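Novice:
There are 4 protein chains.
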Amino acid sequence: MVPAKVIIGIMGPGENATPENNEMAFQLGKAIAKEGWATLTGGRRFGVMEAAMKGAIEGDGLTIGILPTDTDKDSSNNALIKIVTGMGSGRNYITVLSSNVVVVLGMAAGTASEAALAIKANKKVILLSQDEIAIRFFKNIGTYRVLVSNTVEDTIKQIKDYLAVSKAQ
Amino acid sequence: MVPAKVIIGIMGPGENATPENNEMAFQLGKAIAKEGWATLTGGRRFGVMEAAMKGAIEGDGLTIGILPTDTDKDSSNNALIKIVTGMGSGRNYITVLSSNVVVVLGMAAGTASEAALAIKANKKVILLSQDEIAIRFFKNIGTYRVLVSNTVEDTIKQIKDYLAVSKAQ
Amino acid sequence: MVPAKVIIGIMGPGENATPENNEMAFQLGKAIAKEGWATLTGGRRFGVMEAAMKGAIEGDGLTIGILPTDTDKDSSNNALIKIVTGMGSGRNYITVLSSNVVVVLGMAAGTASEAALAIKANKKVILLSQDEIAIRFFKNIGTYRVLVSNTVEDTIKQIKDYLAVSKAQ
Amino acid sequence: MVPAKVIIGIMGPGENATPENNEMAFQLGKAIAKEGWATLTGGRRFGVMEAAMKGAIEGDGLTIGILPTDTDKDSSNNALIKIVTGMGSGRNYITVLSSNVVVVLGMAAGTASEAALAIKANKKVILLSQDEIAIRFFKNIGTYRVLVSNTVEDTIKQIKDYLAVSKAQ
Numbered sequence: 033m034v035p036a037k038v039i040i041g042i043m044g045p046g047e048n049a050t051p052e053n054n055e056m057a058f059q060l061g062k063a064i065a066k067e068g069w070a071t072l073t074g075g076r077r078f079g080v081m082e083a084a085m086k087g088a089i090e091g092d093g094l095t096i097g098i099l100p101t102d103t104d105k106d107s108s109n110n111a112l113i114k115i116v117t118g119m120g121s122g123r124n125y126i127t128v129l130s131s132n133v134v135v136v137l138g139m140a141a142g143t144a145s146e147a148a149l150a151i152k153a154n155k156k157v158i159l160l161s162q163d164e165i166a167i168r169f170f171k172n173i174g175t176y177r178v179l180v181s182n183t184v185e186d187t188i189k190q191i192k193d194y195l196a197v198s199k200a201q
Numbered sequence: 033m034v035p036a037k038v039i040i041g042i043m044g045p046g047e048n049a050t051p052e053n054n055e056m057a058f059q060l061g062k063a064i065a066k067e068g069w070a071t072l073t074g075g076r077r078f079g080v081m082e083a084a085m086k087g088a089i090e091g092d093g094l095t096i097g098i099l100p101t102d103t104d105k106d107s108s109n110n111a112l113i114k115i116v117t118g119m120g121s122g123r124n125y126i127t128v129l130s131s132n133v134v135v136v137l138g139m140a141a142g143t144a145s146e147a148a149l150a151i152k153a154n155k156k157v158i159l160l161s162q163d164e165i166a167i168r169f170f171k172n173i174g175t176y177r178v179l180v181s182n183t184v185e186d187t188i189k190q191i192k193d194y195l196a197v198s199k200a201q
Numbered sequence: 033m034v035p036a037k038v039i040i041g042i043m044g045p046g047e048n049a050t051p052e053n054n055e056m057a058f059q060l061g062k063a064i065a066k067e068g069w070a071t072l073t074g075g076r077r078f079g080v081m082e083a084a085m086k087g088a089i090e091g092d093g094l095t096i097g098i099l100p101t102d103t104d105k106d107s108s109n110n111a112l113i114k115i116v117t118g119m120g121s122g123r124n125y126i127t128v129l130s131s132n133v134v135v136v137l138g139m140a141a142g143t144a145s146e147a148a149l150a151i152k153a154n155k156k157v158i159l160l161s162q163d164e165i166a167i168r169f170f171k172n173i174g175t176y177r178v179l180v181s182n183t184v185e186d187t188i189k190q191i192k193d194y195l196a197v198s199k200a201q
Numbered sequence: 033m034v035p036a037k038v039i040i041g042i043m044g045p046g047e048n049a050t051p052e053n054n055e056m057a058f059q060l061g062k063a064i065a066k067e068g069w070a071t072l073t074g075g076r077r078f079g080v081m082e083a084a085m086k087g088a089i090e091g092d093g094l095t096i097g098i099l100p101t102d103t104d105k106d107s108s109n110n111a112l113i114k115i116v117t118g119m120g121s122g123r124n125y126i127t128v129l130s131s132n133v134v135v136v137l138g139m140a141a142g143t144a145s146e147a148a149l150a151i152k153a154n155k156k157v158i159l160l161s162q163d164e165i166a167i168r169f170f171k172n173i174g175t176y177r178v179l180v181s182n183t184v185e186d187t188i189k190q191i192k193d194y195l196a197v198s199k200a201q
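If you read the sequences in order, they're chains A, B, C and D.
Our numbering puts the first sequence at residues 33 to 201.
Our numbering puts the second sequence at residues 33 to 201.
Our numbering puts the third sequence at residues 33 to 201.
Our numbering puts the fourth sequence at residues 33 to 201.
1) Taking the CB atoms as reference points, tell me whether residue 62(C) and residue 90(C) lie closer together than 8 Å.
2) Taking only beta-carbon atoms, is residue 66(C) less than 8 Å away from chain B?
3) Can you list, in chain order, the residues of its chain with a C-beta nearer than 8 Å to that of residue 47(D)? Leave out the 5 residues immediately preceding and following it.
4) Could you tell me which residues DSSP puts in a beta bridge with residue 156(B)?
5) Tell me the DSSP bridge mates of residue 43(C)?
6) Looking at residue 41(D): is its Cβ nearer than 8 Å to the Cβ of residue 143(D)?
7) Indicate the three-state DSSP secondary structure (helix, strand or coil) for residue 111(A) in the structure shown.
8) Need the endpoints of the beta strand (DSSP E) that residue 174(B) sits in, please.
9) Just by C-beta distance, which residues in the stretch 122 to 140 of chain C are closer than 7 Å to chain A?
10) Expressed to the nearest angstrom, what Euclidean distance is found between the alpha-carbon atoms of residue 123(D) and residue 130(A)?
11) So what does residue 196(B) bridge to, in DSSP terms?
12) What are the start and end residues of the beta strand (DSSP E) that includes residue 79(A)?
13) So, for residue 121(A): in the same chain, excluding its five sequence neighbours on each side, which residues have a beta-carbon less than 8 Å away from its beta-carbon?
14) Roughly how many angstroms separate the alpha carbons of residue 151(B) and residue 114(C), rounded to a whole number?
15) Tell me which residues of the stretch 62 to 91 of chain A have at least one Cβ-Cβ distance to chain C shorter than 7 Å, keeping chain order.
16) Output needed for residue 64(A): all residues of its chain with C-beta closer than 7 Å, excluding positions within five of it in sequence on either side, in chain order.
17) Residue 152(A) touches chain B at which residues, Cβ-Cβ below 7 Å?
18) For residue 49(A), would you say it is in contact with chain B, using Cβ-to-Cβ distances shorter than 8 Å as the test?
19) Along the beta strand (DSSP E) that carries residue 179(A), what are the first and last residues, could you check?
20) Run through DSSP, which three-state label would residue 72(A) get?
21) In three-state terms, what does DSSP make of residue 99(D)?
22) I'd like to check one pair, residue 119(A) with residue 139(C): are the Cβ atoms closer than 8 Å?
23) Taking a cut of 9 Å between CB atoms, which residues from the stretch 153 to 165 of chain B lie near chain C?
24) How should residue 198(A) be labelled, buried or exposed, when 16 other C-beta atoms within 10 angstroms of its C-beta is the threshold for buried?
25) Under 8 Å between C-beta atoms, does residue 174(C) make it to chain D?
26) With distances taken Cα to Cα, identify the nearest neighbour of residue 178(B) among 110(B), 85(B), 159(B).
27) Who are the near neighbours of residue 185(A) in its chain, counting only those whose CB is closer than 8 Å to its CB and skipping five residues on each side?
28) Anything in the stretch 107 to 119 of chain D with a Cβ closer than 8 Å to a Cβ of chain C? List those residues in chain order, please.
29) Buried or exposed, going by whether 16 or more other CB atoms sit within 10 Å of the CB of residue 74(C)?
30) So, residue 95(C) versus residue 111(C), is the Cβ gap smaller than 8 Å?
31) Comparing the C-beta of residue 102(D) with each C-beta of chain B, is any distance below 8 Å?
32) For a test of the three-state rule: what should DSSP assign to residue 34(C), helix, strand or coil?
33) Residues in the same chain with beta-carbon distance under 6 Å from residue 188(A), minus the five sequence neighbours each way, listed in chain order, please.
34) Provide the residue(s) that pair with residue 116(D) in DSSP beta bridges, ordered along the chain.
35) Taking DSSP as the reference, what is the three-state secondary structure of residue 187(A)?
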């Protein structure tokens, strides 16, 4: 028996991501790859999705894109495995269900839906570099499921801590 | 040619709804029915979903439940039309896509995902009796798409205003 | 407590339907409406879907379209209730789960998937005016779940018989 | 830029698979792995799905399971990458959309829906070791999209031929 891949979901904006979001997403993807984990995103070729998978590829990691479209055209060239859903933003529930831990970096409507769906699905959600309003909002609805981080290093540490606990159960 | 039903989605918590949420949902469903609009919810027999559909039935209205389960067992007796999705919270995208206007009453993880998905789908979202944090969070990501209301009467008025404009287009 | 609507799904081709398919779909929708049942289809404005809902409207019935698109644009004007899924042919599972009985009239790839998914979901499937190959194929995989009919009248009778038995359980 | 994985979907029954189906699925998964392609299935721990992924693992290949459930519990230990959909058989459309080529081995209701959905999505479908009725049924609805094979070797050859043509386009 072979062990299934640990999958870390990175949820964040596409076209509306800031340069800071993208830079941090790249570093996070690279760091996740170095741990031997797969990086999962919404698979589009923009913003946090694209940057995170590019970083993961640079770290020799595996990348999975859960595409909203019904073909793999226009998806990121950095998604090694392309899951084609044809469901538009309906695929956001699949992105969170398929992730062992969900990291939320940058904020837009789709990203917010993924954070909320992750809480609904009882996933551990790490809010990375979020503002005070977003943190308070998601803490109100997610309580202990919601963690806060400001750096890539701390995010990796929190993921490790969580995986250690969840494997021990 | 017959006109399609105008459908108003009421999104809110199930078991975690407060008595105030439920009372307001009942009155809102009744008021929506009196306008001749259909009331659409997540179709479960608890909280805001159940109360809104009960109110709509009392107002002789049509009710539609978009069920998360793969049978109609355990759904609300007040859903006249039961759409069975078998998709769990993945059905939240269908609830918002199928609504002409989305009203958000009460707050929990599933509800937050519906508000966010509605913004993503460019729907008009009315936050009814929400706290300051939720209003600021959704205004940040949804800007002009997000309206705020504190009473059933004002909510009905805002829906009417929006429908008048959207029909004129 | 009010009784939920009985929903009869009519599954068949869009653009590739034959004139005979469409004429029979129209008569079937009308007959279903006269029984007080709702007619559910894939909601597109072509072929069996369009004809069945047009017949149901002529019989003063309720019609439900489960749309593959992410808006209600380009859907049938004869769908009184439009459920917008944004899932493409992924919505075919919802069409069958939401139907108390599934009638299959005409044949194409989407229609075949609905017949197969209906069998998978343990629904009663009535093959209406199908050829020998289709009947043998679906009987092989669906056994007792699959009924055969050649007329609208007989289809209505088989639905009535099934509903009587399923309510008695 | 790194090349995305070629993904071959193997669709077949779970509990109802015959020993012959399972043996052929194992050999097919192994042969696919030797070509450097990923093997994609419905991810359950029974029948054709389990056997195909077990063969692929034995051939040092990558395996992807598109799970119907909303957790990865009870899924196959041979799925290295587990995509969790929570959609039941609604996930069948995702299994076919995500596959470059779809091989159909064994027959049951879920399998038939995948063959039909693959035709609908304009995928190349290879019917492996199917009976005359199934071949005639799917040829009727799928025409040139449907190929027939009786051995693992010929199936691999047909996949290669198709991939060569589709890359050349």
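Every residue, glycine too, gets a C-beta built ideally from N, C-alpha and C.
Predicted model, so just to flag it, every value in this text is computed and none were measured.
Specialist: This is what the structure holds:
1) The Cβ atoms of residue 62(C) and residue 90(C) lie closer than 8 Å to each other.
2) Output row for residue 66(C): interface = no.
3) Excluding the 5 residues flanking it on each side, residue 47(D) has same chain C-beta neighbours closer than 8 Å at 78, 79, in chain order.
4) Beta-bridge analysis with DSSP links residue 156(B) to 133(B).
5) Bridge partners of residue 43(C): 136(C).
6) Contact check for residue 41(D) against residue 143(D) fails: the beta carbons are separated by 8 Å or more.
7) Coil, per DSSP.
8) No beta strand (DSSP E) holds residue 174(B); the alpha helix (DSSP H) holding it covers 164 to 174.
9) Going along the stretch 122 to 140 of chain C in chain order, one finds 122 with a Cβ nearer than 7 Å to chain A.
10) Taking the straight line from one Cα to the other gives about 13 Å.
11) Beta-bridge partners of residue 196(B) (DSSP): none assigned.
12) Residue 79(A): not part of any beta strand (DSSP E); member of the alpha helix (DSSP H) spanning 79 to 90, first to last residue.
13) Answer for residue 121(A): 100, 142, 145, listed in chain order.
14) Approximately 20 Å between the Cα atoms of the pair.
15) Residues passing the 7 Å Cβ filter: none.
16) Around residue 64(A): 40, 71, 88, 93.
17) Chain B residues near residue 152(A): 121, 141, 142, 145.
18) For residue 49(A), the answer is no, since every Cβ of chain B falls outside 8 Å of its Cβ.
19) For residue 179(A), the uninterrupted beta strand (DSSP E) run begins and ends at 178 to 181, by DSSP.
20) Strand, per DSSP.
21) Looking at residue 99(D) - three-state DSSP - the assignment turns out to be strand.
22) The beta carbons of residue 139(C) and residue 119(A) sit no closer together than 8 Å.
23) Cβ contacts with chain C come from 153.
24) Around the Cβ of residue 198(A), a 10 Å sphere holds fewer than 16 other Cβ atoms; the residue is exposed.
25) Taking Cβ atoms only, chain D reaches closer than 8 Å to residue 174(C), which makes this a yes.
26) Taking residue 178(B) as reference, the option from 110(B), 85(B), 159(B) with the minimal CA-CA separation is 159(B).
27) So the list reads 63, once near-sequence residues are dropped.
28) Considering only beta carbons, the part of the stretch 107 to 119 of chain D lying closer than 8 Å to chain C consists of 119, in chain order.
29) Around the beta carbon of residue 74(C), a 10 Å sphere encloses 16 or more other beta carbons of the protein chains shown; the residue is thus reported as buried.
30) Taking 8 Å as the Cβ cut-off, residue 95(C) and residue 111(C) qualify as a contacting pair.
31) For residue 102(D), the answer is yes, since a Cβ of chain B falls inside 8 Å of its Cβ.
32) Correct three-state label for residue 34(C): coil.
33) Setting aside the 5 residues that flank it on each side, residue 188(A) is surrounded in the same chain by 63, each with a C-beta closer than 6 Å to its C-beta; the list follows chain order.
34) Per DSSP, 99(D).
35) Residue 187(A) carries a helical assignment under DSSP once its states are collapsed to helix, strand and coil.
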